Amino acid sequence: MFSFQIVKKSKKSNARLGLLETSHGVVETPSLVPVATQAVIKTLSSKDVSESKTQILICNTFHLHIRPGEELIERFGGLQKFMSLQKPLMTDSGGFQVFSLGFGRDFGTGKILKKQKAEGIEYGQQPKLLRITDKGVNFRSFLDGKELFLGPAESIRIQEKLGADIIFAFDECTSPMASKEYTEASLLKTHEWAKICLKAKRTKQALYGIVQGGKFKDLRKESARFIGSLPFEGFGIGGEFGDNKKTMINMLKLTLKELPEEKPRHLLGIGYLQDIPKIIKAGVDTFDCIAPTHYARRGMAYTSAGELDLNKEIFKKDKKPLDSKCSCAVCREYSRGYVHHLLRAKEITGMSLLTFHNLYFFNTFVERIRKDIKSGKI
RNA sequence: GGGCAGAUGGCAGAGCGGUCAAUUGCAUCAGACUGUAAAUCUGACGACUUCGGUCUUCGGGGGUUCAAAUCCCUCUCUGCCCA
291 MFSFQIVKKS
301 KKSNARLGLL
311 ETSHGVVETP
321 SLVPVATQAV
331 IKTLSSKDVS
341 ESKTQILICN
351 TFHLHIRPGE
361 ELIERFGGLQ
371 KFMSLQKPLM
381 TDSGGFQVFS
391 LGFGRDFGTG
401 KILKKQKAEG
411 IEYGQQPKLL
421 RITDKGVNFR
431 SFLDGKELFL
441 GPAESIRIQE
451 KLGADIIFAF
461 DECTSPMASK
471 EYTEASLLKT
481 HEWAKICLKA
491 KRTKQALYGI
501 VQGGKFKDLR
511 KESARFIGSL
521 PFEGFGIGGE
531 FGDNKKTMIN
541 MLKLTLKELP
551 EEKPRHLLGI
561 GYLQDIPKII
571 KAGVDTFDCI
581 APTHYARRGM
591 AYTSAGELDL
601 NKEIFKKDKK
611 PLDSKCSCAV
621 CREYSRGYVH
631 HLLRAKEITG
641 MSLLTFHNLY
651 FFNTFVERIR
661 KDIKSGKI
């Protein structure tokens with residue numbers, strides 16, 4: 291089962307309070323969707339995840355396809371049973387890997403570009419290690435070099451076997467370096483693939499279409515209109531919107547305006563702490579971001595007093611908790627000095643404690659925003 | 001008392017006549033990371049600098065040489081072995 295109910299619409303912004311219902315539970319929105327690419331929040335047990343106020347996770351089709359394979363996960367009864375985690379789940383389609391293992395890797399860029407590069411990616415250009423055609427993408431497995439093809443129908447087939455509650459259409463996440471011509475041609479593909487995904491799906495999983503269009507206003511609008519007109523259960527917004535936050539939010543607003551209001555919107559791969567209030571005010575219901583988990587493994591703790599790099603020597607003798615205002619299990623029991631030591635000693639528990647805290651912190655942060663929407667503050 | 005080995009930048013440890021302000025690792029500092037090929041990567045790390053350089057460094061002192069962290073003498077200290 292799947293349903294989305296808007297409980298309250300803000301009068302001060304486009305923010306909405308909602309309930310996303312799935313057969314594995316209800317998600318109160320807006321909500322962060324922590325990233326569990328390999329069917330795990332790196333360094334955490336499923337029990338930890340449950341205690342971190344996490345409501346829903348997103349796993350990855352591409353990664354789970356090459357290892358351990360969707361057949362195996364199906365044999366275990368699907369992702370939830372495999373992970374022993376009774377929570378709603380999403381799977382990303384593999385569309386992001388078209389970028390991250392393609393042009394992202396070639397040019398050493400992330401999906402958001404701070405400084406524009408002199409060179410661009412022109413229409414017709416192909417990444418070094420994969421081939422993007424109208425039918426799909428020929429990847430090369432980074433595990434064993436084996437060639438593998440992923441197209442819209444293939445991605446859906448895999449996601450059906452993985453069994454997440456919400457699945458995504460296969461798209462091409464374009465590089466921030468892509469020219470307008472490239473982006474336009476890519477958009478045609480993504481749109482075509484969206485229709486194929488809808489046709490291919492045989493299960494009752496909720497399928498979200500993905501809006502692309504890069505940093506080009508007209509393409510974003512066009513994409514939102516087109517994808518929004520198709521019978522998806524919800525919508526993902528992918529790619530990037532330009533190199534500064536203001537543009538990003540304006541483009542996001544413009545995009546969301548074109549989508550059916552009653553359906554849930556998921557912002558793919560955006561969610562630095564400072565972005566969260568803005569994207570929620572723009573009307574996003576769910577969003578995923580690797581920041582809390584990824585940065586934790588770099589030694590970074592998000593706190594009410596800002597970000598702390600626990601690797602730094604100043605924390606060596608610090609007996610204070612990571613965040614004195616945080617009530618998570620890590621902040622109740624452990625000191626900065628201990629976490630510092632674990633990181634210095636390369637003990638995985640250091641990263642694990644930080645991952646737990648960061649997730650709890652982000653989830654609490656979003657929880658507060660939900661309260662603020664409810665009380666009319668936002 | 002005798003013999004042997006050694007002393008190098010915050011630490012460990014290369015170098016053994018010029019290309020050495022000195023490899024490398026650790027530590028330190030700074031930067032990057034937004035649908036995770038990520039427990040990663042990049043840079044700085046003697047002092048001053050008009051960024052061209054300039055000055056003081058390889059236990060202390062003395063010497064050889066055009067040139068010494070590198071060779072010689074001596075002192076101090078450390079480790080091991082024999083009395």
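Using our numbering, read the first sequence as starting at 291 and increasing by one per residue. The C-beta atom is built at its ideal place from N, Cα and C for all residues, glycine as well. Since the model is a prediction, treat every value here as computed from it, not as a measurement.
request  = Name the residue from 297, 298, 313, 305 whose alpha carbon lies nearest to the alpha carbon of residue 495.
outcome  = As a working mapping, residue 495 is identified with position 205 in the first sequence. Comparing Cα positions, the closest option is 313.
task = Using alpha carbons as the reference points, say which of 480, 575, 298 lies closest to residue 546.
result = As a first step, residue 546 must be located in the first sequence, where it is residue number 256. If we check each option's Cα against that of residue 546, 575 comes out closest.
ask   = How long is the line joining the alpha carbons of residue 523 and residue 492, rounded to whole angstroms?
value = Taking the first sequence and counting its residues from 1, one reaches residue 523 at position 233. Taking the first sequence and counting its residues from 1, one reaches residue 492 at position 202. C-alpha of residue 523 to C-alpha of residue 492: approximately 14 angstroms in a straight line.
key: Between the CA atoms of residue 593 and residue 584 - distance to the nearest angstrom   = By one-based count along the first sequence, residue 584 stands at place 294. By one-based count along the first sequence, residue 593 stands at place 303. Each residue's alpha carbon lies about 15 angstroms from the other.
Bridge-paired residues (DSSP) for residue 604 = If you number the first sequence from 1, residue 604 lands on position 314. Residue 604 is not bridged to any residue.
key: Backbone CA spacing between residue 386 and residue 539 [nearest angstrom]   = Translated into the one-based positions of the first sequence, residue 386 becomes position 96. Translated into the one-based positions of the first sequence, residue 539 becomes position 249. C-alpha of residue 386 to C-alpha of residue 539: approximately 21 angstroms in a straight line.
Range covered by the alpha helix (DSSP H) that runs through residue 496 = Taking the first residue of the first sequence as position 1, residue 496 is located at position 206. Segment 496-501 is the beta strand (DSSP E) holding residue 496; no alpha helix (DSSP H) there.
query = Quick one, which of 336, 395, 343 has its alpha-carbon nearest residue 316's?
reply = Mapped onto the first sequence, residue 316 falls at position 26. Looking from the CA of residue 316, the closest CA among 336, 395, 343 belongs to 343.
query = In terms of alpha-carbon separation, which member of 445, 533, 337 lies closest to residue 383?
reply = Taking the first sequence and counting its residues from 1, the one referred to as residue 383 is at position 93. Nearest in C-alpha terms to residue 383, of all of 445, 533, 337, is 445.
request  = Just mark residue 394 as buried or exposed, buried being the case when its beta carbon has 16 or more other beta carbons within 10 Å.
outcome  = As a first step, residue 394 is located in the first sequence; it is residue number 104 there, counting from the start. Its Cβ being crowded by 16 or more others within 10 Å, residue 394 is buried.
ask   = Excluding the five sequence neighbours on either side, which residues of its own chain have a C-beta within less than 6 angstroms of the C-beta of residue 339, listed in chain order?
value = Counting from 1 along the first sequence, the entry for residue 339 is found at position 49. Excluding the 5 residues flanking it on each side, residue 339 has same chain C-beta neighbours closer than 6 angstroms at 331, in chain order.
ask   = Does the beta-carbon of residue 612 have 16 or more other beta-carbons within 10 angstroms, so that it is buried, or is it exposed?
value = To locate residue 612, count along the first sequence from 1; it is residue 322. Flag for residue 612 reads buried.
task = Could you tell me which residues DSSP pairs with residue 306 in its beta bridges?
result = Start at 1 with the first residue of the first sequence, and residue 306 comes out as number 16. Within the DSSP bridge table, the entry for residue 306 names 299 as partners.
task = Hey, could you find the ends of the beta strand (DSSP E) residue 560 is sitting in?
result = Walking along the first sequence from the start, residue 560 turns up at place 270. No beta strand (DSSP E) contains residue 560, which DSSP labels as neither H nor E.
Residue 647 versus residue 346 - alpha carbon distance = Within the first sequence, residue 647 is the residue found at index 357, counting from 1. Within the first sequence, residue 346 is the residue found at index 56, counting from 1. Roughly 17 angstroms separates the two Cα atoms.
ask   = Which partner residues of residue 593 appear in the DSSP bridge assignment?
value = Translated into the one-based positions of the first sequence, residue 593 becomes position 303. 596, per the DSSP bridge assignment.
task = Could you please give me the residues that DSSP links to residue 579 through a beta bridge?
result = Walking along the first sequence from the start, residue 579 turns up at place 289. In DSSP, residue 579 forms a bridge with 324.
message = Let me check understanding here. Comparing Cα to Cα, which of 302, 649, 641 lies closest to residue 601?
response = Translated into the one-based positions of the first sequence, residue 601 becomes position 311. Among 302, 649, 641, the Cα nearest to that of residue 601 belongs to 641.
key: Alpha carbon of residue 424 to alpha carbon of residue 650, nearest angstrom   = Position 134 of the first sequence, counting from 1, holds the residue named residue 424. Position 360 of the first sequence, counting from 1, holds the residue named residue 650. When rounded, the distance between both Cα atoms is 42 angstroms.
ask   = Taking just the CA atoms, how far does residue 501 sit from residue 632?
value = For the purposes of this step, residue 632 is identified with residue 342 of the first sequence, where counting begins at 1. For the purposes of this step, residue 501 is identified with residue 211 of the first sequence, where counting begins at 1. One Cα belongs to residue 632, the other to residue 501, and the distance between them is close to 42 angstroms.
message = Between the segment 454-471 and the segment 518-536, can you find at least three pairs of beta-carbon atoms closer than 8 angstroms?
response = At 8 angstroms Cβ cutoff, the stretches touch.
request  = Tell me, please, which residues DSSP counts as bridged to residue 272.
outcome  = Any question about residue 272 goes unanswered here, given that the chain covers just 291 to 668.
inquiry  = With H, G and I counted as helix, E and B as strand and the rest as coil, what does DSSP make of residue 617?
reply    = Taking the first residue of the first sequence as 1, we reach residue 617 at position 327. In the structure shown, residue 617 sits in coil (DSSP, three-state: anything other than H, G, I, E or B).
Residue 653 versus residue 563: straight-line alpha-carbon distance, rounded = Your numbering for residue 653 matches position 363 in the first sequence. Your numbering for residue 563 matches position 273 in the first sequence. Between residue 653 and residue 563, the C-alpha separation is close to 11 angstroms.
query = What residues in its chain sit with their C-beta under 6 angstroms from that of residue 615, if we drop five residues either side in the sequence?
reply = Along the first sequence, read from residue 1 onward, the residue named residue 615 stands at position 325. 594.
CA-to-CA distance, residue 666 to residue 432, given in whole angstroms = Within the first sequence, residue 432 is the residue found at index 142, counting from 1. Within the first sequence, residue 666 is the residue found at index 376, counting from 1. Between the C-alpha atoms of residue 432 and residue 666 there is a straight-line separation of about 49 angstroms.
key: Candidates 411, 301, 554: closest to residue 396 by CA position   = Sequence index remark: in the first sequence, residue 396 carries index 106 (1-based). Considering only alpha carbons, the answer is 411.
task = Could you give the DSSP three-state label for residue 640: helix, strand or coil?
result = The residue given as residue 640 occupies position 350 in the first sequence. The answer is helix: DSSP assigns residue 640 an H, G or I state.
query = Curious, which full-length alpha helix (DSSP H) runs of at least 4 residues does the segment 404-438 contain?
reply = None, since the segment 404-438 contains no complete alpha helix (DSSP H) of that length.
query = Does DSSP put residue 349 in a helix, a strand or coil?
reply = Here residue 349 is taken as the residue at index 59 of the first sequence, counted from 1. Residue 349: strand per DSSP, three-state reduction.
ask   = Is DSSP giving residue 623 helix, strand or coil here?
value = On the first sequence, residue 623 is found 333 positions in, with the first residue counted as 1. In this structure, residue 623 counts as helix in the three-state DSSP scheme.
message = Measuring only the C-alpha atoms, how far is residue 590 from residue 489?
response = The residue you call residue 590 lines up with position 300 of the first sequence. The residue you call residue 489 lines up with position 199 of the first sequence. If you draw a straight line from the Cα of residue 590 to the Cα of residue 489, it is about 44 angstroms long.
key: Own chain partners of residue 541 with C-beta closer than 8 angstroms, once the 5 adjacent residues on each side are dropped   = Taking the first residue of the first sequence as 1, we reach residue 541 at position 251. Here residue 541 has 505, 507, 510, 531, 532 as same chain residues with Cβ atoms under 8 angstroms from its own Cβ, once five neighbours each way along the sequence are excluded.
query = Going by C-alpha distance, which of 521, 422, 348 is nearest residue 477?
reply = As a working note, residue 477 is residue 187 in the first sequence. The option with the nearest alpha carbon to residue 477 is 422.
task = Please classify residue 402: does DSSP put it in a helix, a strand, or coil?
result = Looking up residue 402 in the first sequence gives position 112. Correct three-state label for residue 402: coil.
ask   = By Cβ distance, which residues of its chain are closer than 6 angstroms to residue 644, with the 5 residues on each side in sequence left out?
value = Counting from one through the first sequence, the residue named residue 644 turns up at place 354. Sequence-distant Cβ neighbours of residue 644 in its own chain, meaning closer than 6 angstroms and more than five residues away, are 586, 591.
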